Amino acid sequence: MKKSGIKLSAIACACSFALSANAATTLFTNVDIFNGTEDKLYEDHHVLVIDNKIAKISKSTIKSADAMVIDGQGMTLMPGLIEGHGHLQMAGGSLSEIENNLNWEELAVRSSANAKAALMSGFTSWRDAGGMGAGLKKAVDAELVEGPRIYPSGGFIGPTGSHADFRNLTTPNETFNGPQSSGARLGMTITADGVDAIKTAGRQNFMQGATQIKIMSSGGVASQFDPWQLEAYSDDEIQAAVQVANAYGSYVMSHAYSKQAIMRNLENGVKSIEHGFSFDAEIAELMEEKGAYMTTNMQAFSPLLGQVSAISASPASARKAASAQAAFKDYIANVKKFRPKLGFQGDCVGLVNACQAQNDHQIYLGAEFFGNFYYLKALTSVNGEILKLSGDVVDPYPEGKLGVVEVGAYADLLLVEGNPLEDITVIGGNEKWFDAEPRNGIDTLRVIMKDGKIYKNSL
Ligand SMILES: [Zn+2]
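When we follow my numbering, the leftmost residue of the sequence shown carries the number 312, and every step to the right adds one.
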């Protein structure tokens, strides 16, 4: 009997996956591990990847005759980053540009470029928070396009005049007498008023491959017609979305700014609060009671927010941004105090260079506000838990955990030069935003692995 290290380690780990005879194996030697959950590095370790999962983690040498060996040279091995709320297909400078000037083919090409740039920035998983179905995800899984694992939400669901309504002022309401917006025709957004319409919209999204559904339960900033204070959906409307999602074993993520909107969502079963800027003691208590999560875009707290093109393009949005920033001044102090289950949110609407600069700056801001460890968890294990709220039935990647370095987890890994627990710039964090140098990849991300396959190796 051939005594290979691979077979021994597979037996030892009692993993649920089968070992195929020609499984690809990679052995990382001499790495310091940040596992996504603990505020420490496991120094001088070795990690064996078989096929697409982590098969063994050991302080002592792992022997594997068949493995490709990557000498980590004391660098940090950590989970791939996870975007908790992005918009790959919202690939234009503003909502009105997307609505009026971009057709499906240009959006498809642009979103493919966004997907590749995300992966090359270390994002190996991506929860898309509305604006696309599962088409790009399928193309990535089929290896036609390079990109992260995608958990799509389908079209945003919101009522007439909401943050999900992309029409111009003069576009007729489709229910009464007119055509849909381009965004609606492309399935990026769905206007749904009332319980029945919301149920149909949710079911339509799941039918087309959504892994969770996204509702716009309050007003927003970058859209034209909705004050951010707006409570857009009522109790029964939110319950309708939650019922449909739960029927698929999944959950609802809900755009909510005001305290009333956040509380209403939590009380009606929403598991993922998006933005959540009015976060306070009462919300913290209810979130904990309900086992809910929150993702927040940190750029909302930057004095440079007004320069974001989706906001600067519209005087109405610029006014809303200023009023929202003033109203949400206690958010950072409250998150520091109550430490909710917070996931990273980039929320970029735009193209590669703008989104890289925005996300790099947000990684920097989050680490500045809350400390590197808390924000690294937001970027890895917490967002991994959020992805898994989609449940065993619709989760497209149900065989392992995401966002952690653990035996049995998917092999989505970064080999990083430097220690991100001490220096957030090694994973791309950048103090600069609009004046940041355009970049092509991140030099300190030396190896990027997704699903056991190497997409970058600059060693
Ligand atoms: Zn968003």
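Where is the CB? At the ideal position from N, CA and C, for every residue including glycine. Note that this is a predicted model, so its numbers are computed, not measured.
Counting along the chain, the unbroken beta strand (DSSP E) around A366 starts and ends at 364-369. A624 and Q610 have their C-alpha atoms some 17 Å from each other.
Within a 10 Å sphere around the beta-carbon of P709 sit fewer than 16 other beta-carbons, which makes this residue exposed. The three-state reading of DSSP puts A567 in strand, counting E and B together. Residue range 642-649 is occupied by the alpha helix (DSSP H) that includes F649. The Cβ atoms of S528 and A572 sit closer than 7 Å to each other.
Proximity to T387 across I409, K374, E354, F639 peaks at E354, based on C-alpha coordinates. If you draw a straight line from the Cα of K570 to the Cα of D591, it is about 8 Å long.
Taking the CA atoms as reference points, A633 sits about 23 Å from G397. At a cut-off of 4 residues, not a single continuous stretch assigned as alpha helix (DSSP H) sits fully inside the region 512-551.
Rounded to the nearest angstrom, the gap between the Cα atoms of G530 and N363 is 41 Å. The C-alpha of A668 lies about 26 Å from the C-alpha of A445.
Distance from the CA atom of Y642 to the CA atom of K374, rounded to whole angstroms, is 50 Å. Using a Cβ distance threshold of 7 Å, F680 and L732 do not count as a contacting pair.
T736 carries a helical assignment under DSSP once its states are collapsed to helix, strand and coil. Apart from the 5 residues on each side of it in sequence, I509 sits with its Cβ closer than 7 Å to the Cβ of I468, A503, E548, A551, A552 in its chain, given in chain order.
For E599, the number of other beta carbons within 10 angstroms of its own is below 16, and it is reported as exposed. The Cβ-Cβ distance between L399 and N425 falls below 7 Å. Looking at the DSSP output, V358 bridges to F339, I368.
In the DSSP secondary-structure assignment, K761 is bridged to K764.
Ligand 1 approaches A440 closely enough that one of its heavy atoms is under 6 Å from the residue's Cβ.
Here Q656 is near T607, since their CB atoms are less than 7 Å apart. Between the region 369-385 and the region 406-416 there are fewer than three C-beta pairs closer than 8 Å, too few to call the two in contact. CA-to-CA, the gap between V451 and I594 works out to about 37 Å. Around the beta carbon of F517, 16 or more other beta carbons sit within 10 angstroms, so the residue counts as buried. The three-state reading of DSSP puts Y685 in helix, counting H, G and I together.
Within a 10 Å sphere around the beta-carbon of N741 sit 16 or more other beta-carbons, which makes this residue buried.
Taking the C-beta atoms as reference points, I461 is found nearer than 7 Å to W437. For S436, the secondary structure class from DSSP, reduced to helix, strand or coil, is strand. I361 and A335 have their alpha carbons spaced roughly 6 Å apart. Going by DSSP, G395 is part of the beta strand (DSSP E) stretching over 392-397.
Considering only D546, Q540, R514, the residue with the shortest C-alpha distance to V705 is R514.
A straight line joining the alpha-carbon of Y604 with that of D723 spans about 23 Å. Distance from the Cα of K688 is smallest, within the candidate group D343, G347, L338, for G347.
By the neighbour-count criterion, in which a residue is buried when 16 or more other Cβ atoms sit within 10 angstroms of its Cβ, R650 is exposed. The beta carbons of K427 and G404 sit no closer together than 7 Å.
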